[in-house]
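Colleague: There's a structure below that I have some questions on.
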Amino acid sequence: MKKLAILLFFIVTNIFSQDINIDIKKSEIYRDKVRNTSLLFSEDNGKGGLLVIKTAKIGLSGYTKNYYIEHYNKELKLLKKYTLKNKKRSVFKSIIIKEGIVQIIRFQINEFRKNITIGILSSDLDSLDFIEKELFVLNEENIKNNFDLEYGLFNLGKMDTNRFGDVILSNNKNDYLHTF
């Protein structure tokens with residue numbers, strides 16, 4: 583009886599577990615022209631297409647040299663490609679696409695001014711011509727007093743591996759929470 587119950591369990595589980603709907607899209611296979619890139623974000627553009635953000639890191643430090651932003655249509659044909667040089671030591675934390683506008687939440691270290699700037703890069707999906715908007719700035723004193731966090735070259739002994747914290751988006755992507 584025990585063997586029959588186990589067999590019946592596996593048969594019922596097998597029947598219901600096969601009802602998985604997966605939509606697979608294939609594109610042309612191409613060779614990436616940039617070496618050592620990693621996928622950072624991949625987001626639906628709202629029209630069946632895709633926006634992809636990749637990073638190219640250099641050296642053992644893992645410093646991001648460039649961000650590569652690629653926009654694909656629903657047939658996965660490349661529509662637009664944009665390279666953003668990472669001159670300002672920034673880190674992309676999240677991406678939001680709504681109504682044809684892409685917004686990238688970006689954190690940036692400024693060691694000369696001793697602060698961290700949290701901002702948004704915003705662009706129309708068709709142009710990928712980004713405009714930066716500053717949300718707020720945390721100075722060194724504010725960071726030390728409120729977050730017990732030190733960054734950059736100010737204190738290597740206490741360096742945090744996730745010193746920028748995390749960004750959590752709501753399900754509808756209308757709100758976001760920044761955690762340290």
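Going by the working numbering, the sequence shown opens with residue 583, and the numbers climb by one from there. Yeah, the Cβ is synthetic: ideal placement off N, Cα and C, and Gly gets one too. Given the structure is predicted, the values throughout are model-derived calculations rather than measurements.
1) Tell me whether residue 713 sits in a helix, a strand or coil according to DSSP, three-state version.
2) For residue 606, count the other beta carbons within 10 Å of its own beta carbon; 16 or more makes it buried, fewer makes it exposed. Which is it?
3) From residue 716 to residue 608, what distance separates their C-alpha atoms?
4) Out of curiosity, what's the CA-to-CA distance linking residue 663 and residue 635?
5) Tell me, which residues are paired with residue 688 by DSSP?
6) So, using beta-carbon positions, are residue 631 and residue 656 closer together than 7 Å?
7) Rounding to the nearest angstrom, what Cα-Cα distance links residue 681 and residue 753 in this structure?
8) Measuring straight from C-alpha to C-alpha, what distance separates residue 647 and residue 603?
9) Is the beta carbon of residue 587 sitting closer than 7 Å to the one on residue 618?
10) Any idea what DSSP makes of residue 661, helix, strand or coil?
11) Kindly indicate which three-state DSSP category residue 604 falls into: helix, strand or coil?
12) What's the gap between the Cα of residue 723 and the Cα of residue 684?
13) Among the candidates 671, 668, 702, whose CA atom is the shortest distance from the CA of residue 749?
14) I need the boundaries of the beta strand (DSSP E) containing residue 623, first residue and last residue.
15) Checking contacts by CB at 7 Å: is residue 672 closer than that to chain B?
Modeller: The answer reads as follows:
1) strand
2) exposed
3) 38 Å
4) Each residue's Cα considered, the two are about 10 Å apart.
5) 674, 701
6) yes
7) 16 Å
8) Their Cα atoms are separated by approximately 38 Å.
9) The answer is no: Cβ separation not under 7 Å.
10) strand
11) coil
12) 33 Å
13) 702
14) Looking at the DSSP string, the run of the beta strand (DSSP E) that includes residue 623 is 619 to 626.
15) Going by chain labels, chain B is absent from the structure shown, which holds only one protein chain.
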